[in-house]
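Notes to accompany the following structure.
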Amino acid sequence: MKTVIHTITPIITQGIRQLDDIRELERPDLEVRHSILDKGPASIESEFDEALSVPDTIKKAIEAEQDGAHAIVIDCMGDPGLDACREVVSIPVLGPCQTSMYAAGMLAHSFGFITVLGRLRPLIDNMVSKYGIDAKYVSFQAINIPVLEISHDPAKLNEALTEKAILSVQQDGADAIILGCTGFLGCAVAMRRGLLDAGLDVPVIDPIPLAVHVAEALVKTGLSHSRRTWPLPDIKGLAGYDMPGFPGTMKQREVA
Numbered sequence: 006m007k008t009v010i011h012t013i014t015p016i017i018t019q020g021i022r023q024l025d026d027i028r029e030l031e032r033p034d035l036e037v038r039h040s041i042l043d044k045g046p047a048s049i050e051s052e053f054d055e056a057l058s059v060p061d062t063i064k065k066a067i068e069a070e071q072d073g074a075h076a077i078v079i080d081c082m083g084d085p086g087l088d089a090c091r092e093v094v095s096i097p098v099l100g101p102c103q104t105s106m107y108a109a110g111m112l113a114h115s116f117g118f119i120t121v122l123g124r125l126r127p128l129i130d131n132m133v134s135k136y137g138i139d140a141k142y143v144s145f146q147a148i149n150i151p152v153l154e155i156s157h158d159p160a161k162l163n164e165a166l167t168e169k170a171i172l173s174v175q176q177d178g179a180d181a182i183i184l185g186c187t188g189f190l191g192c193a194v195a196m197r198r199g200l201l202d203a204g205l206d207v208p209v210i211d212p213i214p215l216a217v218h219v220a221e222a223l224v225k226t227g228l229s230h231s232r233r234t235w236p237l238p239d240i241k242g243l244a245g246y247d248m249p250g251f252p253g254t255m256k257q258r259e260v261a
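Residue numbers (the numbering used here): 6 to 261.
Here is the structure:
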């Protein structure tokens, strides 16, 4: 059976993520689908942006399950709407930040997080605490290039990321590096090479490929999130939001 993983890019900016960007992850038995928001922010660089992205992210998750996806990956390191999406769908939903942090915890005793802007540090600090991995989080670095500009100069981007990765290892004691923006997709190869050239043999985690393959593994082993942790929302009135099958879908599931 072919496994279908649906990625949701939780912003409205066309072209910032295209299906071709992740098509190389596909195999004859693995299909990767993609959607982008109709309503929400142009990019996510704050708690405010993240909050605006959540309603349509939930809608896209419901649609993905209805269209036959076996698992969902939210294409943003803020993991926007992760808990809410788990409440309203039955298939696995992965956030690349949570997935990457837990993988880093398996691969090393400590990890560093490298992202776009320094202003994101409180958001990331809060997520680390929420995910219960504070003891392994030793470094936060930012390249100070906004999300909508990271594709303008790939060479400059890779140089900046590698420089921060070396600092994270040598100065802060990180034994693994997490790319802190899914827009850095593909940069791990150059960073790994630069770290090795500096004599630093540490893993560099590219969150989207990791999350897609972990999602596939969950599907193949028949695992999904616990309904005791993420129970279905109560049935109640809802105004101002277009949620396909909501609450009808959940009423049907509840009766079943």
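Heads up, the beta-carbon is just placed ideally off N, CA and C, and yes, glycines get one too.
CB-CB under 7 Å to residue i, same chain, minus the five flanking residues each way: which ones, in chain order?
| i | result |
| --- | --- |
| residue 18 | 47, 48, 153 |
| residue 45 | 15, 16, 17, 57, 58, 61 |
Identify, in the order they occur along the chain, each residue of the same chain with its Cβ nearer than 8 Å to the Cβ of residue i, setting aside the five sequence neighbours on each side.
| i | result |
| --- | --- |
| residue 92 | 235, 236, 237, 238 |
| residue 107 | 136, 138 |
Mapping the DSSP letters down to three states, classify residue i as helix, strand or coil.
| i | result |
| --- | --- |
| residue 18 | coil |
| residue 36 | strand |
| residue 74 | coil |
| residue 23 | coil |
| residue 62 | helix |
| residue 47 | coil |
| residue 244 | coil |
| residue 148 | coil |
| residue 138 | coil |
| residue 155 | coil |
Can you tell me whether residue i is buried or exposed, with buried defined as 16 or more other CB within 10 angstroms of its CB?
| i | result |
| --- | --- |
| residue 50 | buried |
| residue 29 | exposed |
| residue 75 | buried |
| residue 72 | exposed |
| residue 258 | Note that residue 258 scores a pLDDT of 46, beneath 50, so its modelled location is shaky; the value from the coordinates is reported in the next line. With fewer than 16 other Cβ atoms within 10 Å, it is exposed. |
| residue 32 | exposed |
With a threshold of 9 Å between beta-carbons, can residue i be considered close to chain B, or not?
| i | result |
| --- | --- |
| residue 118 | Here chain B cannot be found, since the structure has a single protein chain. |
Between the Cα of residue i and the Cα atoms of the options, which residue gives the shortest distance?
| i | options | result |
| --- | --- | --- |
| residue 40 | 110, 52, 21 | 21 |
| residue 218 | 124, 101, 122 | 101 |
| residue 144 | 123, 97, 164, 157 | 123 |
| residue 6 | 163, 225, 80, 25 | 225 |
| residue 121 | 207, 190, 134, 206 | 190 |
| residue 43 | 32, 35, 13, 31 | 13 |
| residue 140 | 163, 115, 89, 55 | 115 |
| residue 188 | 202, 64, 250, 148 | 148 |
| residue 165 | 142, 178, 199 | 199 |
| residue 206 | 113, 67, 99 | 113 |
Apart from the five residues just before and just after residue i, which ones in its own chain have a Cβ nearer than 6 Å to its Cβ?
| i | result |
| --- | --- |
| residue 54 | 46 |
| residue 89 | 63 |
*For the stretch 164-230, list the alpha helix (DSSP H) runs that are entirely contained and at least 4 residues long, ordered along the chain.*
Counting whole runs of 4 or more residues, the stretch 164-230 contains the alpha helix (DSSP H) stretches 193-202, 212-225.
_Segments assigned beta strand (DSSP E), at least 3 residues, entirely inside the stretch 72-134_ = Considered as a whole, the stretch 72-134 harbours 76-79, 116-120 as its complete beta strand (DSSP E) runs of no fewer than 3 residues, in chain order.
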